[in-house]
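Colleague: Next up is a structure, given as structure tokens.
2 protein chains.
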Amino acid sequence: MTSMLRKPTMRDVSRLAGVSTMTVSRVLADPELVSEETRSRVLAAIEQLGYLPNRIAGSLSSQRTNFVTAILPTLTNVNFADTAQGLTEALRAADYQLLIGYTTYRIEEEERLIRAMLPRRPDAIVVAGTVHTKAASQLLLRADVPVVEIWETPAHPINHAVGFSNYEAGRAAARYLLSLGHRHIAAVGPSTTGEARDFRGEDRLAGFAAVLREAGIGGGLVVQHGDVPASFDHGARALGVLLDRAPDVEAVFAVSDLSAVGVLMECHRRGIRVPQDLSLVGFGDFDIGRQVVPALTTIRVDAHLIGQRTGELLVTLLDEAAAGAEPAVVDVGFSLVERGTTAPAAPRRRSRRDH
Amino acid sequence: MTSMLRKPTMRDVSRLAGVSTMTVSRVLADPELVSEETRSRVLAAIEQLGYLPNRIAGSLSSQRTNFVTAILPTLTNVNFADTAQGLTEALRAADYQLLIGYTTYRIEEEERLIRAMLPRRPDAIVVAGTVHTKAASQLLLRADVPVVEIWETPAHPINHAVGFSNYEAGRAAARYLLSLGHRHIAAVGPSTTGEARDFRGEDRLAGFAAVLREAGIGGGLVVQHGDVPASFDHGARALGVLLDRAPDVEAVFAVSDLSAVGVLMECHRRGIRVPQDLSLVGFGDFDIGRQVVPALTTIRVDAHLIGQRTGELLVTLLDEAAAGAEPAVVDVGFSLVERGTTAPAAPRRRSRRDH
DNA sequence: TCTTGTCTTGTTACCGATAACATGCATGAT
DNA sequence: ATCATGCATGTTATCGGTAACAAGACAAGA
């Protein structure tokens, strides 16, 4: 808070060093363009004055802010926090600063954020998801900067995309549970009627249900209940609802590891043995899933990698050379990690129903 | 990516509406200064052109960016994510945008971040913690904008502060375990020798140890092991180390709920009953602590509130009126939440040692 | 010697807004 | 009718850099 009369400007540095401001600018942006001797004189002046460049002015002049806007559903979900972290790391090297906004899973809020961010003139925009309001899509299309949709691999991206197929992830979960011999299979996820929506989660459940239908055992046993985002609590309560509706359920896919852990803890409380009485698959491979007992079988997605790849893509794209680059869609994939909460259907399991 | 010839500027809007740019500027910044009729003409022109103001130019001219820099240890810790979210919410109303950086618990990285952020000319700076490199402290002092240190209540803040006393939180944990009748009491936290340091956690452990020493039972049984930040894994491994050194331990305080849950899960795996064989207290009141069985006794801190209060403080401070405001230190406090992982010391416990 | 190219530095003209001050006009009090 | 007052709008001068082009000095090649 120590107040000088005025912050030193490049002008002040240039006078002290006896050069033009352009030379000072070069020392900071492209040191090798300036002779050894001049450079050290300028650096000494910078040091002496405690000069800090003003990047606002620089951005206005150069028409480049080195800002990248990232719009995510929330920060309080490790997956998205990981993505943000990966993105930051990849961009940091190229001196980009992230402008993070979060929507709490509302596309109206996403639109509001885009409107608020565009006047800051970001050099690129990253948004989670492919479902946007009409106005938001228009804004993104006309923004005249690269746009990357992440956490999905859309058939028709606005521009670029980095993610994986949530639908296929859901299908993989269903196929796996079928392969274990289960037939009474259910899924739990949050409600799809509120203002907040987890479209990626809905996609996973859709893929899951599709496989069950294809297997001829009906895909209808999907409990959608409680607010987005799914939480530990959500899982715990969803299990209650599920057991009311289908006491003989043998296997459950939860839309998120958080829900899954909630389900697991509720099973502990109710004396339902996992995996003997119930097989359980989560999604996301959260840390906690590895620590619970038994450890959670889940679908692993490398959230950090999504951020990192996105950052790398942008660094390439924003490098002047790559002016007319083709839209890219990067699929980082997913994998099913078998751990302790799933087991083959066993005849003895029937005893619970016969009881 | 649709490229117009050139983005419309305020100049274009003013021409179309037949007014000066100043009038357009007023319509956007202070609508009531402009007559009803002119205003609607200007708004129509803005609409027609799809004009988006350029805040870079605006910032340069007004010498106000409406950026607030927030430097946190990490985003992948729910507590700090909550703080960031609270901060964002409180600032959003006043149209501030957060520039988030994270240090991975390294003060050298903090210094680097401060250097990188200052040229963006934030209107205020928020940093987690009170331990900074000497250069970083200098930079903050001379930044000529409000600085808020959060997550602690320092005796000598650089400027403002919003947080609580970690030392007292540690003392509270120790007093509580003593009050239950425990005497073989230990604490676990991450190492203090690496480059990454959790100074707030260290403070808590210091307070904890101090109480034990005052009670005459030695404060030395503090296991500091593993990298910062403490994780589930950390807790699991720390318990192993602890049991090697003190098989008769009755009660454990973990610097973080993440460690605590790790300890708890490791107890499950080893067949140690909690709370019958071991009382366990965590810190942070993470969601997961409420879901594990038994639910975790912990010290609750309202991380979201820290962010919110910080945001509110800044909005007040940055409101021109409050030019020469006094440095403020806001203590949001903490509270001990008794749940299932703690129980009074019972004579039968001794059997484990006698065995 | 003249040409050409490289290296280094400077000059000029913005980038797109806003602060501060100025102006013109209608209103109502005197 | 006169003038202070307030409202609506315009004018001028930056804010602090950088792009693009220009120019001078010197070395190497013809």
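As you go down the protein sequences, you meet chains A and B in turn.
The working numbering applies: residue 47 is where the first sequence begins, and numbers increase by one.
The working numbering applies: residue 47 is where the second sequence begins, and numbers increase by one.
Don't be surprised by glycine CBs; every beta carbon is placed ideally from N, CA and C.
#1: Whole angstroms are fine: how far does the CA of P168 (chain A) sit from the CA of E154 (chain A)?
#2: Considering only the beta carbon of each residue, do Q337 (chain B) and G308 (chain A) sit closer than 8 Å?
#3: Could you pull out every unbroken alpha helix (DSSP H) segment of at least 4 residues lying fully inside the stretch 90 to 162 of chain B, listed in chain order?
#4: Among all the DSSP beta bridges, which residues are the ones paired with A174 (chain B)?
#5: Would you kindly report the start and end of the unbroken beta strand (DSSP E) that includes S325 (chain A)?
#6: Would you kindly report the start and end of the unbroken beta strand (DSSP E) that includes I345 (chain A)?
#7: Does S345 (chain B) have its Cβ less than 8 Å from a Cβ in chain A?
#8: Should S60 (chain B) go down as buried or exposed, given a rule of 16 or more other Cβ atoms within 10 Å for buried?
#9: So for I352 (chain A), helix, strand or coil by DSSP?
#10: What does DSSP give as the partner residues of F299 (chain B) in its beta bridges?
#11: So, helix, strand or coil for H206 (chain A), using DSSP?
#12: Would you report the Cα separation of R399 (chain A) and P200 (chain A), rounded to the nearest angstrom?
#13: Residues of chain B with a CB under 9 Å from the CB of Q94 (chain A): which are they?
#14: With DSSP run on the structure shown, which of helix, strand or coil describes L382 (chain B)?
#15: Quick check: what's the CA-CA separation for G386 (chain A) versus G317 (chain B)?
#16: Let me see if you follow: with CB-CB separation under 8 Å, is M47 (chain B) close to chain A or not?
#17: For chain A, check one thing: does any of its Cβ atoms lie closer than 8 Å to the Cβ of G272 (chain B)?
#18: Considering V70 (chain A), what are the terminal residues of the beta strand (DSSP E) in which it resides?
#19: Nearest to S302 (chain A) by alpha carbon, out of A:T343, A:T55, A:N100?
#20: To the nearest whole angstrom, what separates the beta carbons of G240 (chain A) and D290 (chain A), a pair I think is in contact under 8 Å?
#21: For A374 (chain B), which residues of its own chain have a beta-carbon under 7 Å away from its beta-carbon, when the five flanking residues on both sides are left out?
#22: One question on the structure: do I352 (chain A) and I146 (chain A) come within less than 8 Å of each other, judged by their Cβ atoms?
#23: Can you name the start and end residues of the beta strand (DSSP E) that D377 (chain B) belongs to?
#24: For A127 (chain A), go through chain B and note every residue whose CB falls closer than 7 Å to its CB, in chain order.
#25: CB A116 (chain B) to CB L133 (chain B), shorter than 8 Å?
#26: Of all Cβ atoms in chain A, is any one closer than 8 Å to the Cβ of N212 (chain B)?
#27: What number of angstroms, rounded off, separates the C-alpha of R52 (chain A) from the C-alpha of L251 (chain A)?
#28: Can you tell me which of the three DSSP states Q337 (chain A) falls into?
#29: Are G328 (chain A) and A306 (chain A) close, meaning C-beta to C-beta below 8 Å?
#30: Which value, in whole angstroms, describes the spacing of the CA atoms of E296 (chain A) and Q322 (chain A)?
#31: If contact means a Cβ-Cβ distance below 8 Å, which residues of the stretch 309 to 343 of chain A contact chain B?
#32: Using DSSP's beta-bridge definition, name the partner residues of Q270 (chain B).
#33: Can you pull the chain B residues whose beta carbon is under 8 Å from the beta carbon of V307 (chain A), in chain order?
#34: Pull up the distance between the alpha-carbon of H92 (chain A) and that of R110 (chain A), whole angstroms please.
#35: May I have the straight-line CA-CA distance separating L137 (chain A) from R72 (chain B), to the nearest angstrom?
#36: Any idea if E157 (chain A) is buried or exposed, counting beta-carbon neighbours within 10 angstroms, 16 or more meaning buried?
Modeller: Quick answer:
#1: 20 Å
#2: yes
#3: 101 to 108, 124 to 138
#4: B:I196
#5: 325 to 329
#6: 343 to 346
#7: Residue identity differs from the one stated: residue 345 (chain B) is Ile in this sequence, not Ser. No, no contact with chain A.
#8: buried
#9: helix
#10: B:A233, B:V327
#11: strand
#12: The pLDDT assigned to R399 (chain A) is 39, lower than 50, so where the model puts this residue is not dependable; a value taken from the coordinates is nonetheless given after this. Distance between the alpha carbons of R399 (chain A) and P200 (chain A) is about 42 Å.
#13: Near Q94 (chain A) there are no residues of chain B at all, since even the closest Cβ is about 14 Å away, more than 9 Å.
#14: strand
#15: 18 Å
#16: Its pLDDT being 38, under 50, M47 (chain B) is placed unreliably by the model, and the measurement read from it follows with that caveat. Closer than 8 Å to some Cβ of chain A, the Cβ of M47 (chain B) qualifies, so yes.
#17: no
#18: Note, V70 (chain A): premise wrong, no beta strand (DSSP E); alpha helix (DSSP H) at 67 to 75.
#19: A:T343
#20: Not really, about 22 Å apart at Cβ, beyond 8 Å.
#21: H206, L359
#22: no
#23: 375 to 377
#24: L121, T122, A127
#25: yes
#26: no
#27: 60 Å
#28: helix
#29: yes
#30: 9 Å
#31: M311, H314, R315, D333, I334, R336, Q337, V338, V339
#32: B:G235
#33: I334, Q337
#34: It is worth fixing the name first, because residue 92 (chain A) is Ile in this sequence and not His. Approximately 23 Å between the Cα atoms of the pair.
#35: 36 Å
#36: buried
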